[in-house]
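J.:
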Amino acid sequence: MKNKILITYSIPKEGLTQLETHFDLIYPEKEFFTKEELIELIPHCIGLLSIFNREVSADIIKAGKNLKIISNYGVGFNNIDMNAANEQEIIVCNTPEAVCEPTAELCMGLLLSLSRQISLCNYGLKTNPEFEWGVMKNLGSTLRGKTLGIVGMGNIGKSVAEKAMVFGMNIAYHNRKPISEIKWKDAVYMNLPDLLEKSDVISLHCPLTPETHHLLNEKEFLKMKKTAFLINTSRGAVINEVDLAIALEQGEIAGAALDVFENEPIIHPKLLTQKTALAVPHIGTATIETRIEMSREACQNIIEYLKNGITKNRVNQAFF
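Take 358 as the starting number for the sequence shown in this note's numbering and just add one per residue.
(1) Quick check: what's the CA-CA separation for A518 versus Q445?
(2) Where in the region 538–570 do unbroken runs of the beta strand (DSSP E), each at least 3 residues long, occur, reported from the N-terminal end onward?
(3) Using the Cβ count rule (16 or more neighbours within 10 Å means buried), how would you classify E568?
(4) Under the DSSP definition of a beta bridge, which residues are partnered with V599?
(5) Report the CB separation of I408 from I362 in whole angstroms; it is logged as a contact under 8 Å.
(6) Using C-beta distances below 6 Å, list every residue in its chain close to H401, excluding the 5 sequence neighbours before and after it, in chain order.
(7) Which runs of the beta strand (DSSP E), 3 residues or longer, sit entirely within the region 600–638?
(8) Rounded to whole angstroms, how far is the Cβ of H570 from the Cβ of A594, which I believe are closer than 8 Å?
(9) Would the region 416–431 and the region 442–456 be scored as touching if the rule is three or more Cβ pairs under 8 Å?
(10) Short check: CB of I640 to CB of L463, under 8 Å?
(11) Please give me, in chain order, every unbroken run of the beta strand (DSSP E) with length at least 3 that falls completely inside the region 447–534.
(12) Would you be able to state if there are at least three C-beta pairs under 8 Å between the region 376–396 and the region 655–663?
(13) Can the beta-carbon of N658 be found closer than 8 Å to that of C457?
(14) I need the DSSP call for I403, collapsed to helix, strand or coil.
(15) Are the CB atoms of L587 and I559 within a distance shorter than 8 Å?
(16) Helix or strand or just coil, what does DSSP make of S428?
(17) Taking only the alpha-carbon atoms, compute the straight-line gap between L477 and K632 and give it to the nearest angstrom.
(18) If distances are taken between C-alpha atoms only, which option among F578, L561, G491, Q375 comes closest to I603?
(19) For G514, tell me which candidate among L398, T647, I536 has the shortest Cα-Cα distance.
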C-alpha cells in the first residue's frame, strides 16, 4: 500500500502525474476540503499539499500524526502555522521558481497601467460619454530615467529589475544585505528611508514576517515623493491599508497598484473608490501555465524529501 498525500485544493491534475506514481492522492471532489474534512483525513497522510490562500492551522497540523512534509502551493507560507509545524518537526516547503516570472510580469503590467493611466482611461471611455480627449489631457508619467526602488531583491525582485531596466529605469534596492553578483553592480543598495525618499516607484517583494508587517505606513508614505507610485505584489499586510488610503486621498503619493491585500478578499473601501488606486484580485501567478508548473514544483518537493530526505525549497530549515 502506498503512503497517502492529501491535496487540499483542486489544483491542475496535469501537474500531479509524477506524485501519483509514488503515492496515493486524496483529492477534493469539490473546490477544496473544509477544515473539518482536513482534520478527519490528515491522520492517514504522510504529506500535505496546501494552497497559499487556505489556512493550515495548528489543529490541522496536530491532527497529522504521521505528517512529514507540507508543500505549499505558492511562494508565501504565512497561511501555515509554522510554530505548530516546527514543534512536530514537519518540513515546510514552497514553490519559488514557478511563481517568479508571472509575478514579475504582473508587476510591470501594474506599473505601466498606473504610470500611463491605462486602466483609468479605459474606465473613463467606457462609462463616461463626455470623457475628455486632448493633447494635454490624460497625461501619465514615462518610466525612462526614473528610479525603481525594490524592497526585497530576491528572485522576483531581480526579475522585475531586469524588466524595468529594459524600459530605461535606474535600479535601487533595499535588502537584508547588498548583492555581490557582478551583474547588479549598477543597482544601488540603500537603507529603507533613503529608498523611499529617492525612488520614483517603490515595488514590494519581501515576505510577510513580524518585521515586515506594516513596513509601509503613514510615516513611510510621508517620506515618499508626492509623484511616486507604489506597487505591491508581495503580501497585503506589508502595507497599512488604512494609512495608504489616507495617503492617496491626501495626495501624499501619486498612486498605488495592489495585487494583494491585508484581509483578502476584503479590501479597504476607499481603495476601491480612489482613482489613483489600481486593484486586482491576487492574480500574480494566475496563468494556466503557472498553475500547472506550481503543481509540479509542489509535488517535486514532496517526492524529493520523502524519497531522498532533502528538498531545495524547504523554508523552515533553521528550526530543527
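Where is the CB? At the ideal position from N, CA and C, for every residue including glycine. Quantities reported herein were computed from a predicted structural model and do not represent experimental measurements.
T.: Reading off the structure:
(1) 39 Å
(2) 558–561
(3) exposed
(4) Beta-bridge pairing links V599 to no other residue.
(5) That belief does not hold up - the Cβ atoms of I408 and I362 are roughly 14 Å apart, past 8 Å.
(6) K361
(7) 612–615, 634–636
(8) 5 Å
(9) yes
(10) yes
(11) 448–450, 504–508, 527–531
(12) yes
(13) no
(14) coil
(15) yes
(16) strand
(17) 7 Å
(18) F578
(19) I536
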